[in-house]
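First up is the structure itself, then whatever we jot down about it.
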């Protein structure tokens, strides 16, 4: 029932967004623009808007509903239900205590094989989620730092970051499809082949541009999760955890994969790049500075 409730909330949010967009486009095209001598009536196809909604939010809706299953498919992981050693006990007990404090259902707890000290959380709702930590995290950080990282991930769960990120991605996808179709129709009336080429190019270009607000939101949610962890276990532990991760990356010259399907979920990722606006994580030093200012 909890999973159905989360899916229902996502569906309601998508419908409300679609209704808002539909009304806005109708008012804009039928009333506001004609008043300024710009008549686009008949050129904005309501069916395109409907399909933009279905395609844009459909994929996001499905990915959120099955986010736990897809995450497990990408990693070599083991679920912890009965801790077998001290490291597993720390992870399991920390997630359990924080979830009890927040009055939410305890997430599934997983440990996955990876040398880099990292962790992530996902799931359709705060009451139907999973938290996973890497073996590299357990091998390279001390107990206080591990607890801080887990608190960070629980912050994502409690704040509903998976839900809001999915809605934002669905909204961006809707705009990409609708704008591409709208311009395609204008060009195709004169030249069908040219219109198709323009449509493909627009899909690519607009999809890249759509990553800018999504990446911006991803960076904001990292700062928010850091604050949550600081308030839960103490900011010094969170600062120490981030600095420990950064030291490991610098020491090993580790390169985060650009093909990592779980990159936006993890606590640490590539943040220094030529195109900083596409980074999913803020630089470690910026996160540490923000924590020190709390």
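Numbering (the working numbering), first residue to last: 0 to 293. Yeah, the Cβ is synthetic: ideal placement off N, Cα and C, and Gly gets one too.
Open item on the list: For residue 144 and residue 133, I'd like the C-alpha separation in whole angstroms.
Closed with: Locating residue 144 in the chain shown gives position 145, where the first residue counts as 1. Locating residue 133 in the chain shown gives position 134, where the first residue counts as 1. Using only the alpha carbons, I get a separation of about 13 Å.
- [ ] Pick helix, strand or coil for residue 107, following the three-state DSSP scheme.
- [x] Here residue 107 refers to the residue found at position 108 when the chain shown is read from its first residue. Residue 107: strand per DSSP, three-state reduction.
Open item on the list: According to DSSP, simplified to helix, strand and coil, what is residue 65?
Closed with: Against the chain shown, residue 65 aligns to sequence position 66. The answer is coil: DSSP assigns residue 65 none of H, G, I, E or B.
Open item on the list: If I measure Cβ to Cβ from residue 146 and keep anything under 8 Å in the same chain, skipping five residues before and after, which residues do I get?
Closed with: Sequence index remark: in the chain shown, residue 146 carries index 147 (1-based). So the list reads 89, 93, 232, 236, once near-sequence residues are dropped.
Task: Three-state class that DSSP yields for residue 208 in the structure shown - done: Taking the first residue of the chain shown as 1, we reach residue 208 at position 209. Helix, per DSSP.
Open item on the list: Is it buried or exposed, residue 294, if we count other Cβ atoms within 10 angstroms and call 16 or more buried?
Closed with: Look at the range of the chain in this structure, 0 to 293, and you will see that residue 294 is not part of it.
TODO: Work out the CA separation of residue 106 and residue 281 for me, nearest whole Å.
DONE: Walking along the chain shown from the start, residue 281 turns up at place 282. Walking along the chain shown from the start, residue 106 turns up at place 107. Spanning the alpha carbons of residue 281 and residue 106 requires a straight line of approximately 26 Å.
TODO: With residue 243 as the anchor, note down where its alpha helix (DSSP H) starts and where it stops.
DONE: If you number the chain shown from 1, residue 243 lands on position 244. Note, residue 243: alpha helix (DSSP H), 234 to 251.
Task: Buried versus exposed call for residue 196 [16 or more other C-beta atoms within 10 Å across all chains shown] - done: Taking the first residue of the chain shown as 1, we reach residue 196 at position 197. That one is exposed.
Task: Rounded straight-line distance, which links the Cα of residue 123 to that of residue 1 - done: Here residue 1 corresponds to residue number 2 of the chain shown, with the count starting at 1. Here residue 123 corresponds to residue number 124 of the chain shown, with the count starting at 1. Residue placement at residue 1 cannot be trusted, given a pLDDT of 46 that sits under 50; what the coordinates show is reported in the next sentence. About 10 Å.
Open item on the list: Quick check on residue 91: does DSSP put it in helix, strand or coil?
Closed with: Position 92 of the chain shown, counting from 1, holds the residue named residue 91. Three-state DSSP puts residue 91 in a helix.
Open item on the list: Looking at chain B, is there any beta carbon in it that lies within less than 8 Å of the beta carbon of residue 50?
Closed with: As a matter of chain content, chain B is missing from the structure shown, which is built from one protein chain.
- [ ] With a threshold of 16 other CB atoms inside 10 Å of the CB of residue 29, please say whether the residue is buried or exposed.
- [x] Counted from its first residue, the chain shown places residue 29 at position 30. It counts as exposed.
Open item on the list: Could you tell me the alpha carbon to alpha carbon distance between residue 292 and residue 155, rounded to whole angstroms?
Closed with: Taking the chain shown and counting its residues from 1, one reaches residue 292 at position 293. Taking the chain shown and counting its residues from 1, one reaches residue 155 at position 156. C-alpha separation (whole angstroms): 21 Å.
Task: Per DSSP, cross-strand counterpart(s) of residue 295 - done: Past the boundaries of the shown model lies residue 295; the chain is included only from 0 to 293, so the question cannot be answered.
- [ ] Please state if the CB of residue 158 and the CB of residue 247 are separated by a distance shorter than 8 Å.
- [x] Residue mapping note: residue 247 aligns to position 248 of the chain shown, counting from 1. Residue mapping note: residue 158 aligns to position 159 of the chain shown, counting from 1. Cβ atoms of residue 247 and residue 158: not closer than 8 Å.
- [ ] Within the same chain, show all residues whose beta-carbon is closer than 7 Å to that of residue 86, passing over the 5 residues directly before and after it, in chain order.
- [x] Taking the first residue of the chain shown as position 1, residue 86 is located at position 87. Cβ within range, chain order: 137.
Open item on the list: Per DSSP, what are the beta-bridge partners of residue 131 in this structure?
Closed with: Position 132 of the chain shown, counted from the start, is the residue given in the question as residue 131. In DSSP, residue 131 forms a bridge with 109, 119.
Task: Of the residues 226, 91, 130, the one placed nearest residue 288, counting alpha carbons only - done: The residue given as residue 288 occupies position 289 in the chain shown. That would be 226, whose Cα lies nearest to the Cα of residue 288.
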